[in-house]
Amino acid sequence: YDMQGTYVRSFRSAAFYPAGICWVAQTGNLIVIDRTGSAALEYDLQGNLIANIALASQHDGIGHDPVSNTYWAYDLTADLIVNYDTAFTAVTSFTGPTGAGLAAGRGLTYIGGIAYSAVQGADLIAMFDTTGVDAPVGVGVPVGVGVPVGEGVAVVTSRPASKRPRSGADPS
13 YDMQGTYVRS
23 FRSAAFYPAG
33 ICWVAQTGNL
43 IVIDRTGSAA
53 LEYDLQGNLI
63 ANIALASQHD
73 GIGHDPVSNT
83 YWAYDLTADL
93 IVNYDTAFTA
103 VTSFTGPTGA
113 GLAAGRGLTY
123 IGGIAYSAVQ
133 GADLIAMFDT
143 TGVDAPVGVG
153 VPVGVGVPVG
163 EGVAVVTSRP
173 ASKRPRSGAD
183 PS
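In terms of this note's numbering, the sequence shown opens at residue 13 and continues consecutively.
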């Protein structure tokens with residue numbers, strides 16, 4: 013779609029179950045996570061498959077850190093937030109939303125040192141700093157993804173925000 017909301021085009025993905033997408037500024041390419049195929053697929057913007065990289069388990073969501081040129085993804089199988097280098101070799105990881113006393117995560121994006129993951133079945137977006145410290149904050153029922161807007165983050169929601177306690181505390 014263009015900026016006026018007019019459909020421009022699409023391309024077919026090799027992903028059986030696309031579960032995340034991010035743009036990589038350094039290459040100008042897209043990375044698509046295939047949850048069912050347990051792979052990271054790299055495409056140019058015309059839709060040509062550049063690489064199909066096998067992952068050890070199912071992932072749901074991906075973000076790119078342009079400063080370190082690494083990826084952050086949510087490993088759905090192990091409930092881990094994983095940092096990958098450009099070859100998709102794990103650099104580090106830490107426990108995801110389940111380990112923080114919440115439900116499983118759904119999707120992930122990474123902006124400015126924070127990994128954001130929607131908490132399944134809850135009105136929470138779990139925010140994880142890159143050292144593993146999390147601070148879930150209620151932002152309504154997540155129905156979209158976080159995207160950079162100037163210096164801030166816009167999260168599409170369907171009801172008003174409310175503050176939530178830090179992990180380990182009852183989020184209700």
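For every residue, glycine included, the Cβ atom is placed at its ideal position computed from N, Cα and C.
Source: prediction; values computed, not measured.
message: Am I right that residue 127 and residue 93 are in contact with their C-beta atoms under 8 Å? What's the rounded C-beta distance?
response: Sequence index remark: in the sequence shown, residue 127 carries index 115 (1-based). Sequence index remark: in the sequence shown, residue 93 carries index 81 (1-based). Indeed they touch by this definition, with Cβ atoms about 5 Å apart.
Residue 13, enclosing beta strand (DSSP E) - first and last residue: Residue 13 sits at position 1 when you count from the first residue of the sequence shown. Residue 13: not part of any beta strand (DSSP E); DSSP gives it neither H nor E.
message: So for residue 119, helix, strand or coil by DSSP?
response: Position 107 of the sequence shown, counting from 1, holds the residue named residue 119. Looking at residue 119 - three-state DSSP - the assignment turns out to be strand.
- request: Return the chain-ordered list of same chain residues with a C-beta closer than 6 Å to the C-beta of residue 131, the five sequence neighbours on each side being excluded.
  value: For the purposes of this step, residue 131 is identified with residue 119 of the sequence shown, where counting begins at 1. 109, 114, 115 and 138.
field: Simplified DSSP assignment, three categories, for residue 82
entry: Numbered from 1 along the sequence shown, position 70 holds the residue referred to as residue 82. Residue 82 falls in the strand class under three-state DSSP.
field: Through-space distance from residue 122 to residue 104, alpha-carbon basis
entry: One-based indexing of the sequence shown puts residue 104 at position 92. One-based indexing of the sequence shown puts residue 122 at position 110. Approximately 15 Å between the Cα atoms of the pair.
query: Do you know how far the Cα of residue 61 is from the Cα of residue 54?
result: Your numbering for residue 54 matches position 42 in the sequence shown. Your numbering for residue 61 matches position 49 in the sequence shown. Using only the alpha carbons, I get a separation of about 6 Å.
- request: Identify every residue that forms a DSSP beta bridge with residue 53.
  value: Within the sequence shown, residue 53 is the residue found at index 41, counting from 1. Paired residues: 44 and 64.
task: Whole angstroms is fine: what's the gap from residue 34's alpha carbon to residue 56's?
output: To locate residue 34, count along the sequence shown from 1; it is residue 22. To locate residue 56, count along the sequence shown from 1; it is residue 44. Residue 34 and residue 56 have their alpha carbons spaced roughly 12 Å apart.
message: In the DSSP output, what is residue 96 paired with across the bridge?
response: Locating residue 96 in the sequence shown gives position 84, where the first residue counts as 1. Looking at the DSSP assignment, residue 96 forms a beta bridge with 83 and 102.
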